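*Asks:* Shown below is the structure under consideration.
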Amino acid sequence: MEKFETYTGIGVPLRRSNVDTDQIIPAVYLKRITKTGFEDALFAAWRNDPDFVLNQPAYASGSVLFAGPDFGTGSSREHAVWALRDYGFQAVFSSKFADIFRGNSGKQGLVTGIVSDEDIERIWQALEANPGTSATVNLVEKTVSVGDIRVDFEIDEYTRWRLLEGLDDIGLTLRDEKSITDFEAKRESWRPKTLPAKGA
Amino acid sequence: MSTPLTLAEKVWNDHLVVKGENGSPDLLYIDLHLVHEVTSPQAFDGLRLAGRPVRRPDLTIATEDHNTPTWDIDKPIADITSRTQIHALRSNAEEFGIRIHSLGDIEQGIVHVVGPQLGLTMPGITVVCGDSHTSTHGAFGALAMGIGTSEVEHVLATQTLPLKPFKTMAINVEGTLRPGVTAKDIILAVIAKIGTGGGQGYVLEYRGSAIRALSMEARMTICNMSIEAGARAGMVAPDQITFDYLKGRPHAPEGADWDAAVAFWKTLPTDEGATFDAEVNLDANTLDPFVTWGTNPGQGVSLLDVVPNPVDIADPNERAAAERALEYMDLTPGTKLKDIRVDTVFLGSCTNSRIEDLRAAAEIIKGRTKADGVRMMVVPGSARVRLQAEAEGLDKVFKDFGAEWRFAGCSMCLGMNPDQLAPGERAASTSNRNFEGRQGKGSRTHLVSPLVAAATAIRGTLSSPADVEEGN
Ligand code: SF4
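Top to bottom, those sequences are chains U and V. Take the position in the first sequence, starting the count at 1, then add 2; the result is the number in the working numbering. Take the position in the second sequence, starting the count at 1, then add 27; the result is the number in the working numbering.
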């Protein structure tokens, strides 16, 4: 996972609340065997609507999402985060996130920042006044700016630390790699080994 | 003297890489990682995405089982999802340097049959697999747990797993089983007693004279279904029966390693005076063959009994569950279990598809005829089991009887391949789950032992071997 400190990309105003994970990625896409390539699945149902925000050229390559309250509710599918990430989103802002979605996001390097509804509204207006405007996320200072609007966001300290350090679950464990290697050095020779294969 | 410890605690402590502090989990080393096609593709993809290798391909082994056909195994797999998963496993194994036993390979089979058979599963080790019935391997005194796909990726990358400590429960089974009563009946009775959530948060240790008397195959049957009681794992302390089973298997330790291993394994059984967080007792002397009547493995009774009446169940949730189950199973309270007619008998699954299970069933059906209209499917747990059975002439016994003699795999246990029940069809099945739709949409499953399965195929209704002896 990449370290996340600051990031600048096109801001996308998603004027909807209660965006559940079924909307983020419908169940039919869960049959796949990959962990990537879900960009086409993101908001799949809404993307049939020509007026949907991501169908507007100015926002099509957006990467910072500003959504209404209660983002990521519903099923715990990790695919919701994969789809956002695969599309190119680096950060999502809302006044309220579902816990599981936030947890999953932190693990995959997607920033989920909490901003008040009033600030979201101001940012929506700014983005809609000038479609294609970029947003700058500063995780060190916990601020997000669009044009001359600059607001503070909240994110739990542990997740922020992981994102700043670029640590997913595995990365976190690999910080203890020395202990793992030491443990392996002491592993008795009678313990199972699958290679070289015997018996076939 | 140090604090007396249980078997599970000893194995846990022996694998601590980092002790968790302030409520964070312990980091445990994993000795053996078993992989199959259903829960691994996204784990491998995650590795690829992050540019990570598999840390220990030499502690990892893959086999194809859940999706594999048990007929025409030389033909392409028709179902696209199945085929895709199997091909993904093959290419992932190649890319990451993992040993794989594919369909048609002599070592292919259900992952929980293959590990023990190769001598890879041994006492005192930690085993994980992206499959809940990994608990099977606990029969050797290993700490064996099912894990999810993101944990599979974690183990592939680090050979460790962050785990929260567990509680321990002793299941004491004392006495001698009567003829016709088996390990399957013990575990069905245990689950009926403690419920499908009774083991939640616990590692179960099966103890007592009845357990000590069981073969390794039988102990695996019991540990296999620990998960159906909601437990994290199930274990049996290693003893001479364990050592004898392992000795000489392809991956069992040899020479000085063997001696060192046995010396260590002998230190594993629970210490005198160690305390369990909970204890459950079961009398083996009075146990009957057990069968399920409902749609979870805890809804079981003695085969001599009748279908229970929900009005007699005090707990309102359980009563409602029983009512729903009876409706789904199309059963009337008060019906004798032995009067229930089945369409299909399935002998197979990681619970009961080992050579001993096939021998026991063959013994009963030999020289007898199958009931009219009953279909019997025999699916060995591995290609090796199939070969062994053929060497002993068991295939012929099954075929003469009119049973289908199939190739190895999970098959009708979960019906991911074409081996399914039709809607409304009823089966006596030696597998481990009788959930709604588990063996096909609308399927009705009665979980039974291999002995009951065989007797049922002869009489057409749920039956014990004793019923067959009596000449119907
Ligand atoms: S036989 Fe059934 S329970 Fe066992 S691994 Fe296969 S599907 Fe799972």
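Glycine residues also receive a C-beta, built at the ideal position from the N, C-alpha and C atoms. Treat the numbers as computed from the prediction; the structure is a model and nothing was measured.
Helix, strand or coil for N140/U per DSSP?
*Replies:* It is a strand residue.
*Asks:* Quick check: the stretch 241–254 of chain V against the stretch 375–390 of chain V, are there 3 or more CB pairs under 8 Å?
*Replies:* Because the criterion of three Cβ pairs below 8 Å is met, the stretch 241–254 of chain V and the stretch 375–390 of chain V touch.
*Asks:* Report yes or no: is there a C-beta of chain V within less than 8 Å of the C-beta of G201/U?
*Replies:* G201/U counts as touching chain V.
*Asks:* Do D92/V and the ligand MG come close, with the Cβ less than 7 Å from some heavy atom?
*Replies:* Among the ligands present in this structure, namely the ligand SF4, the ligand MG is not found.
*Asks:* With the cut-off set at 8 Å, would you say R395/V and V479/V are in Cβ contact?
*Replies:* Their beta carbons are not under 8 Å apart, which means R395/V does not touch V479/V by this criterion.
*Asks:* Nearest chain U C-beta to H181/V closer than 8 Å, yes or no?
*Replies:* Yes, its Cβ sits closer than 8 Å to a Cβ of chain U.
*Asks:* Taking the DSSP output, what are the residues bridged to R126/V?
*Replies:* R126/V is bridged to I88/V.
*Asks:* For T23/U versus G74/U, is the C-beta distance shorter than 8 Å?
*Replies:* In contact: T23/U and G74/U (Cβ atoms closer than 8 Å).
*Asks:* May I ask you to report which of helix, strand or coil DSSP gives S162/V?
*Replies:* Three-state result, S162/V: helix.
*Asks:* Whole angstroms are fine: how far does the CA of G13/U sit from the CA of S159/V?
*Replies:* If I take the Cα positions, the gap works out to 43 Å.
*Asks:* Taking the runs of the beta strand (DSSP E) that are 3 residues or longer, which of them lie wholly in the stretch 395–426 of chain V?
*Replies:* Counting only runs of 3 or more, we get 402–405.
*Asks:* Below 8 Å, how does it come out for the stretch 319–334 of chain V and the stretch 53–68 of chain V: are there three or more Cβ pairs, yes or no?
*Replies:* Cβ pair count under 8 Å is below three, so no.
*Asks:* Are the Cβ atoms of F6/U and V117/U separated by less than 8 Å?
*Replies:* Taking 8 Å as the Cβ cut-off, F6/U and V117/U do not qualify as a contacting pair.
*Asks:* So P28/U contacts chain V; which residues on that side make the cut at Cβ distance below 7 Å?
*Replies:* Residues of chain V passing the Cβ test: none, with the nearest at roughly 17 Å.
*Asks:* Within 7 Å: the Cβ of G137/V and any heavy atom of the ligand SF4?
*Replies:* Checking the sequence shown, residue 137/V turns out to be Ile, not Gly. Correct: I137/V has its Cβ closer than 7 Å to the ligand SF4.
*Asks:* Would G126/V and A184/V be called neighbours here (beta carbons separated by less than 8 Å)?
*Replies:* Looking at the sequence provided, one finds Arg at residue 126/V rather than Gly. No; because the gap between Cβ atoms is not below 8 Å, this pair is not in contact.
*Asks:* Nearest CA to the CA of I152/V: which residue from G207/V, L86/V and T176/V?
*Replies:* With distances taken between Cα atoms, I152/V lies closest to L86/V.
*Asks:* Might you give, ordered along the chain, the residues of its own chain that have their beta carbon closer than 6 Å to the beta carbon of G261/V, omitting 5 neighbours on each side?
*Replies:* Closer than 6 Å at the Cβ level, and outside the excluded window around G261/V, lie S162, G165, L231, C250 and S253.
*Asks:* At 4 residues or longer, and completely inside the stretch 212–247 of chain V: list those alpha helix (DSSP H) runs for me, N to C.
*Replies:* Segments of the alpha helix (DSSP H) lying fully in the stretch 212–247 of chain V: 236–239.
*Asks:* Anything in chain U within Cβ reach of L86/V, meaning under 9 Å, just list it in chain order.
*Replies:* In chain order: R193, P194, K195, T196 and L197.
*Asks:* Given Y89/U, which residues of its chain have a CB within under 7 Å of its CB, disregarding the five upstream and five downstream residues?
*Replies:* Counting only Cβ-Cβ distances below 7 Å, and skipping sequence neighbours, we find E41 and L44.
*Asks:* Name the chain V residues whose beta carbon is nearer than 9 Å to that of I157/U?
*Replies:* Those do not exist, as I157/U stays about 20 Å from chain V at its closest Cβ, beyond 9 Å.
*Asks:* If we ignore side chains and look at the alpha-carbon of each, how far apart do T223/V and G257/V end up?
*Replies:* Whole-angstrom Cα-Cα distance: 6 Å.
*Asks:* With three or more C-beta pairs closer than 8 Å as the rule, is the stretch 64–73 of chain V touching the stretch 176–186 of chain U?
*Replies:* As far as the Cβ criterion goes, the stretch 176–186 of chain U does not touch the stretch 64–73 of chain V, which means the pair count is below three.
*Asks:* Taking Cβ positions only, does I35/U come closer than 8 Å to chain V?
*Replies:* By this cut-off, I35/U is an interface position.
*Asks:* Any C-beta of chain V sitting closer than 8 Å to the C-beta of D42/U?
*Replies:* D42/U does not count as touching chain V.
*Asks:* Examine the ligand SF4 and report whether any of its heavy atoms sits within less than 7 Å of the Cβ of L441/V.
*Replies:* True, at least one ligand heavy atom lies under 7 Å from that Cβ.
*Asks:* Determine the direct distance from the alpha carbon of T378/V to that of R413/V, and round the result to whole angstroms.
*Replies:* Each residue's alpha carbon lies about 16 Å from the other.
*Asks:* Is it buried or exposed for F428/V, if we count other Cβ within 10 angstroms and need 16 for buried?
*Replies:* The residue in question, F428/V, is buried, as its Cβ has 16 or more Cβ neighbours within 10 Å.
*Asks:* Among the candidates S470/V, M443/V and M356/V, whose CA atom is the shortest distance from the CA of R110/V?
*Replies:* Comparing Cα positions, the closest option is M443/V.
*Asks:* For the stretch 101–127 of chain U, list every residue whose C-beta sits within 7 Å of some C-beta in chain V, in sequence order.
*Replies:* Within the stretch 101–127 of chain U, no residue qualifies.
*Asks:* With a threshold of 8 Å between beta-carbons, can T359/V be considered close to chain U, or not?
*Replies:* It does not: the Cβ of T359/V has no partner Cβ on chain U nearer than 8 Å.
*Asks:* Using a Cβ-Cβ distance cut-off of 8 Å, determine whether T161/U contacts chain V.
*Replies:* Cβ-Cβ to chain V under 8 Å: no for T161/U.
*Asks:* Which residues in the same chain as N499/V place their Cβ atom closer than 6 Å to its Cβ, once the five residues preceding and following it in sequence are excluded?
*Replies:* Residue confidence is low: N499/V scores 48 on pLDDT, short of 50, so the model does not pin down where it sits. Its coordinate-derived value is still stated next. Excluding positions up to five away in sequence, the list is empty.
*Asks:* Looking only at C-alpha atoms, which of V148/U, G173/U, N20/U and R193/U sits nearest to G111/U?
*Replies:* If we check each option's Cα against that of G111/U, G173/U comes out closest.
*Asks:* In the structure shown, what three-state DSSP assignment does V154/V receive?
*Replies:* In this structure, V154/V counts as strand in the three-state DSSP scheme.
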